[in-house]
Amino acid sequence: MHDLTGAVWRKSTRSNNGGNCVEVADNLVDEYGVVLVRDSKDRTGPVLKFTRDEWRAFLDGAAGGEFDL
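Encoded structure:
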């Protein structure tokens with residue numbers, strides 16, 4: 344994986360700081376072509392890496408209700 348020291352992590356503004364959140368770093372997508380996701384409770388733990396197309400498909404699915412329960 345690429346050097347992630349430049350990743351700028353953010354949580355949703357709707358997060359209530361209850362600890363059950365994910366953080367996203369999408370500032371590396373232009374340079375490395377990746378969007379990163381991690382557990383906000385385990386910031387030194389594993390990081391999921393998605394391509395630009397994979398992330399766009401996820402966002403489109405979420406906006407379209409594909410993951411609604």
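For what it's worth, my numbering labels the leading residue of the sequence shown as 344, then goes sequentially. Just so you know, even glycine gets a beta-carbon here, dropped at the ideal spot from N, CA and C.
{"Check": "Applying the 10 Å Cβ sphere with the 16-neighbour rule, what's the burial state of alanine 368?", "Outcome": "buried"}
{"Check": "Where glutamate 397 and proline 389 are concerned, what is the direct C-alpha to C-alpha distance, given to the nearest angstrom?", "Outcome": "18 Å"}
{"Check": "Within the segment 349-406, note down every full alpha helix (DSSP H) run reaching 4 residues or more, in order along the chain.", "Outcome": "372-375, 395-406"}
{"Check": "Do alanine 350 and leucine 371 come within 9 Å of each other at the CB atom, strictly closer than that value?", "Outcome": "yes"}
{"Check": "For valine 367, decide whether its Cβ has a neighbour in chain C, counting only Cβ atoms nearer than 9 Å.", "Outcome": "Protein chain content of the structure displayed is limited to a single chain, and chain C is not contained in it."}
{"Check": "Out of Ser383, Thr356, Leu347, point me to the one whose CA is closest to glutamate 374's CA.", "Outcome": "Leu347"}
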